[in-house]
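Data first, discussion second: the structure below is written as structure tokens.
Numbering (my numbering), first residue to last: 466 to 741.
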């Protein structure tokens, strides 16, 4: 694998044998005042237990809370009614079980969510992506980018399982490409397993931030000994820490006022748990 000097700090050109040259960078995603945010997660009230798929919900609401008020155009799709989630499972937390975590994610200053039937999630998701990308393209003269955030299971072959995690049914690269308007500026952020495959495919030419390599599983924090729950993913936690850091200018509006308290000790591998 050939490497050359980076064009930007933290980036390196890598020439893959089976793919065109892809520019890899560890720079954090940028969110501007005119960014269109569209996010979706698959977990239902039945599967939303923090010991099961609730860690996807923790990620979903952590970003919802962090980005609340940062941009005007935000859409958040979920298959689980937030009031029922809290009533059944209690508080949803985020971060390492060994450090402080923000409580009451679903009771905090969040952007309203749209609850969708699980069986209709994929159809609704693709329709909303088409509408959001069309809106982004219409405002392209103003540099209006689209940020897609997907919190769900992934399977090998590049499928995002938005239908309550159903393994034989998911959003494919082909489907997502067909839903996007040609020429739109898109960034995809996903915590799904195998999601790195979406970054290197020549079929989908968009910027991607993925939680896992094309052939690996994504990682959540391990179950808390005291509560028996996983509080989101390590990848999302690292991104949140970067976005909410006092020195970052990635967000249009400073979000440090939200007093995000979590830290990510990557030096402790025992705090991590892999998921499909």
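Where is the CB? At the ideal position from N, CA and C, for every residue including glycine.
Quick check on DSSP: helix, strand or coil for residue 557? coil
Between the beta-carbon of residue 499 and the beta-carbon of residue 600, is there less than 8 Å? At least 8 Å separates the beta-carbon of residue 499 from that of residue 600.
By a C-beta neighbour count over all protein chains shown, 10 Å radius and 16 as the cutoff for buried, is residue 511 buried or exposed? Exposed: under 16 other Cβ atoms inside 10 Å.
Please work out which residues of its chain come closer than 6 Å, Cβ to Cβ, to residue 613, disregarding the five sequence neighbours upstream and downstream, and give them in chain order. Excluding residues within five positions, the ones whose Cβ falls inside 6 Å are 503 and 653.
Proximity winner among 526, 544, 629 and 647, relative to residue 574 (alpha-carbon distances): 526
Excluding the 5 residues preceding and the 5 following residue 629 in the sequence, name in chain order all residues of the same chain whose CB lies nearer than 6 Å to its CB. 507, 509 and 583
Which value, in whole angstroms, describes the spacing of the CA atoms of residue 640 and residue 529? 25 Å
Under 8 Å between the Cβ atoms of residue 609 and residue 619? no
Kindly identify the DSSP beta-bridge partner or partners of residue 619. As computed with DSSP, residue 619 is found in a beta bridge with 625.
Measuring straight from C-alpha to C-alpha, what distance separates residue 579 and residue 557? 18 Å
Excluding the 5 residues flanking residue 598 on each side, which residues of the same chain have their C-beta closer than 8 Å to its C-beta? 611, 644, 645, 646, 649 and 651
Neighbourhood of residue 602 by C-beta distance below 7 Å, restricted to the same chain and skipping five residues each side: 646, 648 and 649
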